[in-house]
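Student:
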Amino acid sequence: MADHEATAHHHEHHHEDPQAHATRRAILQAAIGVSAGAAVLSTLWVGAGLVPREEKIPSKEPVAVGDVLVFATGPKAEQEITLDDLRAAQRERIPFIIAFPKSPENVVKKDLITNTIMVILADPAKMSPETRQHASPEGVLAYSAVCKHLGCTVSLWQNDTWLCPCHGGRYDIYNQAKVVGGPVPAPVPQLPVKVEGGKVVVAGEFLGKPGADV
Amino acid sequence: MYQWLDDRLSIGKLYAKAFRKAFPVHHSFFLGEITLFSFVTLVLTGIFLTLNYEPSIRPVSGSLSGGQEVPAAYYSILYIDSLPFGAVIRSLHHWAAHIMIAAAFLHMLRIHLTGAYKNPRELNWIVGVFLLVLAIITAFTGYALPFDNYALTATKIGYEIGAAAPWVGKLLSDILFAGELSPTNTQTIPRLFPIHVLWLPLALIALIGVHLTIMIKQKHTQPKYAEKVAPGKIVGVPLFPQQAAMMGILFLVYIAVTTFIAGAFLAHPVQAFGPPTANTPAVKPDWYFMWIYGILQIIPANWRFEFLGATFGPQFWGGILVPTIIILGALAIPFLDYSKEKQRYLELPSQHPFRTSFVVGMLMFYIMSTLAGYKVDLGLSNGLLWVLVFIVPIVTGVVCYIIMKAIYGKDWNREPEIKLIGKGSAADD
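So the protein lines, in turn, are chains B and R. First residue of the first sequence? That's 11 in the numbering used here, and the numbers climb one at a time after it. First residue of the second sequence? That's 4 in the numbering used here, and the numbers climb one at a time after it.
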């Protein structure tokens, strides 16, 4: 047997210790394994840098009690929304206004998507009791405007329902934004508001989690 | 000069070996080439666009925006549109992307209908499916770059669909888009830009290389008639000069037609939607996403459960599961419909009624789910759309199968005989 092996490996050294051979192989294999593991780990470590870093800036703070609602878009962007603005909107094709909260320190918190808010002046008589409870006595009503389906701003109005332009989600604003059509998995949360000095002021936290439900 | 080059590069040998390689000819074989031409056009127009584009959303203002402050990316599109033929080149980029995806899809349909994916070409079918998916992803990553309100809305939906993948979706979406898409997220454009103009095109080039190498190595399939004309031999024209001349002419025709389309139908100017705002405009996706858009609209809202911390909701079923099933199904085709013998000749769709009916059914599924994309506009009910999207394609497939059996079922034993006799006597004359 030994004779046979010697013939087969005649180009190698004749008196190779098989034990040393096996040890060397094991050490090399372990070294390769450790290096590969270290390479994978360091790649993941470096790759983790691709995850965006959250920066804390005042304009990214979530909506808070005492914030004033301002226009999010249009020629009046960042101006405070008044009861008169809401009355004027009532006569438009889109009877509501898309708003951002403005902190008492005058920072418009527009850099957090979930701060996009829909505010409307609606008939309190049409509202369900729970809805009316968090609306102002005049009928000013606010919801998160970020669709629970895929995060579009719910921006259309059709047949007295609030309609998302992206995938046809429909909400009933008189009944805590109950979903009345489309693939939306949950209602958008209501935002308790009150009217102070003709301005719309946030009176409480969102009554649920705002933002797409994925 | 020729002698000098030949001594060093053996051009003569290369010519004899590679350039005289015979290529079968059939008009449907040019679909793959059109896909390739589109890619070349996209790279060329893309070079022009990258040289004039600023991948940033820092606010800038100038005469082009009428003094208004707009994101730099948006402004650079205004600038490109103001250059001589700038808008045409941008539109050419836009339309070439559409044509590339359409041609790739038709190319795949041709392969499917003629059974060209069978042994030994399973591997190239798989590469092809990945190429189509990659091309669509590449097109998608370009959506956001003009950074108008339309671009942001379309991309945002993609972000949320990605985030709907269980467990890792949110993380992957955040990595791809550098956080949540918003009009003020300054990192998104700098991240999507290199992905769109560098990494995905490099991946496409690599996969196209693999696709073509495998095709040349395995030899192109031949039309059915070649078996009768010269069995066991390749019936076609040499790569050089005949095939090259045809390709050259086709490329010039392609450029002429697409440039005309680009000039006549410009891609929408960014001013049409304006810079991104908190509001979402009513937008429709491109035709190759419309079917997913349609399915997303008809999945009932209450199909939702949580499992080990992951949410499986309508977004997951429509946006992730259905496309994944279709891609996996496409990948499985060469293994489900397998031939033991190596395939040299294409099969006639009429002789394979089941496969042809299946393809017709799938096309009907695509058409119907696209129709579902117009659910709100047409006021269609969910119940009706479920029947249209999931029942009608099956019925179409069955009807197609019955019709094909009735028409071709009888003829197909008789026809070749008659043909052979006709041919034989013609040759004798």
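Positions of the beta carbon are idealized from the N, C-alpha and C atoms, including for glycine. Note that the coordinates shown come from a computational prediction; the quantities given were computed from them, not determined experimentally.
1. Check the Cβ-Cβ distances between residue 284 of chain R and every residue of chain B, and say whether any is below 8 Å.
2. Mind checking which residues open and close the alpha helix (DSSP H) that includes residue 216 of chain R?
3. Just to confirm before moving on: does the CB-CB distance between residue 154 of chain R and residue 146 of chain R stay below 8 Å?
4. Which same chain residues end up closer than 7 Å to residue 58 of chain R when comparing Cβ atoms and leaving out the 5 residues on each side of it in sequence?
5. Exposed or buried, what is residue 28 of chain B when buried is set at 16 or more other beta-carbons lying within 10 Å of its beta-carbon?
6. Report yes if the CB atom of residue 22 of chain R is closer than 8 Å to the CB atom of residue 239 of chain R, and no otherwise.
7. Which residues share a DSSP beta bridge with residue 168 of chain B?
8. In this structure, how does DSSP classify residue 154 of chain B when only helix, strand and coil are distinguished?
9. Hey, could you find the ends of the alpha helix (DSSP H) residue 293 of chain R is sitting in?
10. Within the continuous beta strand (DSSP E) that includes residue 95 of chain B, where are the two ends?
11. Can the beta-carbon of residue 153 of chain B be found closer than 8 Å to that of residue 85 of chain B?
12. At what residues does the alpha helix (DSSP H) containing residue 167 of chain R begin and finish?
13. In angstroms, rounded to a whole number, what distance separates the CA positions of residue 163 of chain B and residue 169 of chain B?
14. Is it the case that the Cβ atoms of residue 372 of chain R and residue 266 of chain R are separated by a distance below 8 Å?
15. Since residue 157 of chain R and residue 288 of chain R are thought to touch, with beta carbons under 8 Å apart, how far apart are those beta carbons, to the nearest angstrom?
16. If we ignore side chains and look at the alpha-carbon of each, how far apart do residue 81 of chain B and residue 115 of chain B end up?
17. How would you call residue 31 of chain B, buried or exposed, if buried means at least 16 neighbouring beta carbons within 10 angstroms?
18. Is there a Cβ from chain R that is less than 8 Å from the Cβ of residue 192 of chain B?
19. Given this structure, state the Cα-to-Cα distance separating residue 52 of chain B from residue 403 of chain R, to the nearest angstrom.
20. Taking only runs that begin and end inside the stretch 50 to 106 of chain R, name each unbroken alpha helix (DSSP H) of 4 or more residues, in chain order.
21. Is residue 237 of chain R helix, strand or coil when you go by DSSP?
22. Run through the DSSP bridge pairs and tell me what residue 107 of chain B is partnered with.
23. Give me whichever residues DSSP pairs with residue 314 of chain R in a beta bridge.
24. Is the stretch 88 to 95 of chain B touching the stretch 43 to 57 of chain B, taking contact as three or more C-beta pairs under 8 Å?
25. If contact is defined by three or more beta carbon pairs under 8 Å, each pair taking one atom from either stretch, is the stretch 137 to 148 of chain B in contact with the stretch 202 to 214 of chain B?
26. Would you report the Cα separation of residue 347 of chain R and residue 152 of chain R, rounded to the nearest angstrom?
27. For residue 71 of chain B, which residues of its own chain have a beta-carbon under 6 Å away from its beta-carbon, when the five flanking residues on both sides are left out?
28. Look up residue 206 of chain B in the DSSP assignment and give the residues it is bridged to.
29. In whole angstroms, what is the alpha-carbon distance linking residue 123 of chain B and residue 101 of chain B?
30. To the nearest angstrom, report how far apart residue 50 of chain R and residue 198 of chain R are at their CA atoms.
31. Please identify the residue among B:44, B:158 and B:87 whose C-alpha is closest to the C-alpha of residue 174 of chain B.
32. Considering only residues of the same chain and omitting the five flanking positions on each side of residue 78 of chain B, which have a CB-CB separation below 6 Å?
33. For residue 187 of chain B and residue 97 of chain B, what's the separation of their Cα atoms in angstroms?
34. Please list the residues of the stretch 149 to 172 of chain B that have a C-beta atom closer than 7 Å to any C-beta atom in chain R, keeping them in chain order.
35. List the DSSP bridge partners of residue 257 of chain R.
36. Reducing DSSP to helix, strand and coil, say where residue 23 of chain R ends up.
Tutor: On the basis of the supplied data:
1. Position 281 of the second sequence, counted from the start, is the residue given in the question as residue 284 of chain R. Judged by the 8 Å Cβ criterion, residue 284 of chain R is in contact with chain B.
2. By one-based count along the second sequence, residue 216 of chain R stands at place 213. Note, residue 216 of chain R: alpha helix (DSSP H), 203 to 221.
3. Residue numbering aside, residue 154 of chain R sits at position 151 when the second sequence is read from its first letter. Residue numbering aside, residue 146 of chain R sits at position 143 when the second sequence is read from its first letter. In contact: residue 154 of chain R and residue 146 of chain R (Cβ atoms closer than 8 Å).
4. Taking the second sequence and counting its residues from 1, one reaches residue 58 of chain R at position 55. Once the five neighbours on either side are set aside, the close Cβ partners of residue 58 of chain R are 76, 192, 193 and 196.
5. Here residue 28 of chain B refers to the residue found at position 18 of the first sequence. So residue 28 of chain B counts as exposed.
6. As a working mapping, residue 22 of chain R is identified with position 19 in the second sequence. As a working mapping, residue 239 of chain R is identified with position 236 in the second sequence. In this structure, residue 239 of chain R does not lie closer than 8 Å to residue 22 of chain R by Cβ.
7. The sequence position of residue 168 of chain B within the first sequence is 158, counting from 1. Paired residue(s): B:171.
8. As a first step, residue 154 of chain B is located in the first sequence; it is residue number 144 there, counting from the start. DSSP places residue 154 of chain B in strand when its eight states are reduced to three.
9. Sequence index remark: in the second sequence, residue 293 of chain R carries index 290 (1-based). Looking at the DSSP string, the run of the alpha helix (DSSP H) that includes residue 293 of chain R is 290 to 301.
10. Reading the first sequence from its first residue, position 85 is the one you call residue 95 of chain B. Here residue 95 of chain B belongs to no beta strand (DSSP E); instead the alpha helix (DSSP H) covers 93 to 100.
11. Position 143 of the first sequence, counted from the first residue, corresponds to residue 153 of chain B. Position 75 of the first sequence, counted from the first residue, corresponds to residue 85 of chain B. Cβ distance not < 8 Å, so residue 153 of chain B and residue 85 of chain B don't count as in contact.
12. Along the second sequence, one-based indexing puts residue 167 of chain R at 164. Premise fails: residue 167 of chain R is in no alpha helix (DSSP H) and is neither H nor E.
13. If you number the first sequence from 1, residue 163 of chain B lands on position 153. If you number the first sequence from 1, residue 169 of chain B lands on position 159. Answer to the nearest angstrom: the Cα atoms are 18 Å apart.
14. Along the second sequence, read from residue 1 onward, the residue named residue 372 of chain R stands at position 369. Along the second sequence, read from residue 1 onward, the residue named residue 266 of chain R stands at position 263. Not closer than 8 Å, so no.
15. Within the second sequence, numbered from 1, the residue matching residue 157 of chain R stands at position 154. Within the second sequence, numbered from 1, the residue matching residue 288 of chain R stands at position 285. Correct: roughly 6 Å between the Cβ atoms.
16. Translated into the one-based positions of the first sequence, residue 81 of chain B becomes position 71. Translated into the one-based positions of the first sequence, residue 115 of chain B becomes position 105. Computed Cα separation, rounded: 17 Å.
17. What you label residue 31 of chain B is simply residue 21 of the first sequence in a count that begins at 1. Classification for residue 31 of chain B: exposed.
18. The sequence position of residue 192 of chain B within the first sequence is 182, counting from 1. Chain R contact via Cβ: present.
19. Residue mapping note: residue 52 of chain B aligns to position 42 of the first sequence, counting from 1. Residue mapping note: residue 403 of chain R aligns to position 400 of the second sequence, counting from 1. Rounded to whole angstroms, residue 52 of chain B to residue 403 of chain R spans 56 Å at the Cα level.
20. 75 to 85
21. Your numbering for residue 237 of chain R matches position 234 in the second sequence. Coil, per DSSP.
22. Here the question's residue 107 of chain B lines up with position 97 in the first sequence. Answer is B:129, bridged to residue 107 of chain B.
23. Taking the first residue of the second sequence as 1, we reach residue 314 of chain R at position 311. For residue 314 of chain R, which the question treats as bridged, DSSP gives the partners R:309.
24. no
25. yes
26. Translated into the one-based positions of the second sequence, residue 347 of chain R becomes position 344. Translated into the one-based positions of the second sequence, residue 152 of chain R becomes position 149. For residue 347 of chain R and residue 152 of chain R, the distance between alpha carbons rounds to 51 Å.
27. Numbered from its first residue, the first sequence carries residue 71 of chain B at position 61. So the list reads 119, once near-sequence residues are dropped.
28. Numbered from its first residue, the first sequence carries residue 206 of chain B at position 196. Residue 206 of chain B pairs with B:209.
29. Taking the first sequence and counting its residues from 1, the one referred to as residue 123 of chain B is at position 113. Taking the first sequence and counting its residues from 1, the one referred to as residue 101 of chain B is at position 91. Those two C-alpha atoms are separated by around 28 Å.
30. As a position in the second sequence, residue 50 of chain R is number 47, starting the count at 1. As a position in the second sequence, residue 198 of chain R is number 195, starting the count at 1. Their backbone Cα atoms lie some 14 Å apart in a straight line.
31. As a working mapping, residue 174 of chain B is identified with position 164 in the first sequence. Answer by Cα proximity: B:158.
32. As a first step, residue 78 of chain B must be located in the first sequence, where it is residue number 68. If we look at residue 78 of chain B and ignore the five residues flanking it on each side, its Cβ neighbours are 90, 112, 209 and 211.
33. Reading the first sequence from its first residue, position 177 is the one you call residue 187 of chain B. Reading the first sequence from its first residue, position 87 is the one you call residue 97 of chain B. Their backbone Cα atoms lie some 21 Å apart in a straight line.
34. 159, 160, 161, 162, 163, 165 and 166
35. Numbered from its first residue, the second sequence carries residue 257 of chain R at position 254. The partner list for residue 257 of chain R (beta bridge, DSSP) is empty, contrary to what the question assumes.
36. Counted from its first residue, the second sequence places residue 23 of chain R at position 20. Residue 23 of chain R falls in the coil class under three-state DSSP.
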